[in-house]
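Visitor: Dropping the structure in here first, questions after.
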Amino acid sequence: MADKYLTLKQLENLYWRLTTQILGCDPANTAHAKVVRIAWPTEGSPAWKRDEDVVFVRISESDDDYNRQRDTVYEVKDTDNAWQRTAQTRVLQVTWICYGPNSFDKAFAIRSALYTPQYRETLAGNGIYPVPAFEAPRRAPELFAGQWWERTDLTARFNAHIRIDTTIPYLRSADITVKNSPVSGAIIQTDASVDENTKPHGGV
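Taken in order, the sequence shown gives residues 60 to 263; the numbers are from the numbering used here.
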């Protein structure tokens with residue numbers, strides 16, 4: 060068995076491809092590669108023309124009650140170990156930051172597409188499910204270098220099922236130290252060694 064979840068890089072690739080397709084671009088076409096971006100320019104932002112349409116995708120984990128709930132079960136792995144399988148729901152928060160003269164329309168298109176079976180099935184194939192109530196796009200023009208840049212933000216949440224598998228060795232033996240009981244006055248042998256070959260016996 061193995062852990063079952065997507066790394067941040069895998070999530071970024073998934074949402075990059077999804078957003079690129081929603082906006083009518085071909086992920087395999089290098090000319091379309093910069094329409095959707097998952098990293099800010101290292102030399103500062105913005106680093107594109109004011110009349111360009113550019114969409115950034117930012118993924119983070121939301122602090123939600125579902126993140127704190129865990130379901131743990133144990134299964135036999137081999138003669139010496141067991142599997143500890145912990146399942147939980149990771150709540151993802153994805154924000155699309157759209158720049159350009161068509162930024163509002165692009166945010167609207169992304170939000171609308173998330174309701175369609177085509178893109179929901181792509182996410183479901185990766186164990187990710189949208190939280191139904193999507194926020195409306197929020198238009199927020201940004202002042203940069205003395206000019207106003209059109210900008211619209213869209214945020215949505217997604218529940219992602221993950222599983223963490225941990226190998227737990229079986230307990231084969233233990234050293235136990237016991238002392239006299241001051242209440243009952245019973246005397247119990249001290250420094251008893253217990254292992255799997257020791258038969259149970261009576262005692263206090």
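We put the CB at the ideal spot given by N, CA and C, even for glycine.
When we look at the beta-carbon of residue 230 and count the other beta-carbons within 10 Å, is it buried (16 or more) or exposed?
Guide: Its Cβ having fewer than 16 others within 10 Å, residue 230 is exposed.
Visitor: State the Cα-Cα distance for the pair residue 121 and residue 205, rounded to the nearest angstrom.
Guide: About 34 Å.
Visitor: Which class does residue 228 belong to by DSSP, given the choice of helix, strand or coil?
Guide: In the structure shown, residue 228 sits in a strand (DSSP, three-state: E or B).
Visitor: If contact is defined by three or more beta carbon pairs under 8 Å, each pair taking one atom from either stretch, is the segment 88 to 100 in contact with the segment 136 to 147?
Guide: Too few Cβ pairs lie closer than 8 Å, so no.
Visitor: Considering only C-alpha positions, which residue in the set 153, 160, 197 is nearest to residue 182?
Guide: Nearest C-alpha to residue 182: 153.
Visitor: Should residue 110 and residue 184 be called a contact, given that it needs their Cβ atoms to be closer than 8 Å?
Guide: Cβ atoms of residue 110 and residue 184: not closer than 8 Å.
Visitor: I'd like to know if residue 115 contacts chain D, where contact means its C-beta is closer than 8 Å to some C-beta of that chain.
Guide: Here there is only one protein chain, and chain D is not present.
Visitor: Around the Cβ of residue 169, are there at least 16 other Cβ atoms within 10 angstroms (buried) or fewer (exposed)?
Guide: Under this definition residue 169 is a buried residue.
Visitor: Just to confirm, are residue 173 and residue 215 a CB contact at a threshold of 8 Å?
Guide: Contact: yes.
Visitor: Along the chain, which unbroken stretches of the alpha helix (DSSP H) at least 4 residues long are found entirely within the segment 71 to 112?
Guide: Listed in chain order, nothing qualifies, since the segment 71 to 112 has no complete alpha helix (DSSP H) run of 4 or more residues.
Visitor: Take residue 84 and list the residues in its own chain whose beta-carbon comes closer than 8 Å to its own, dropping the five residues that flank it on each side.
Guide: Taken in chain order, the residues that qualify are 91, 94, 95.
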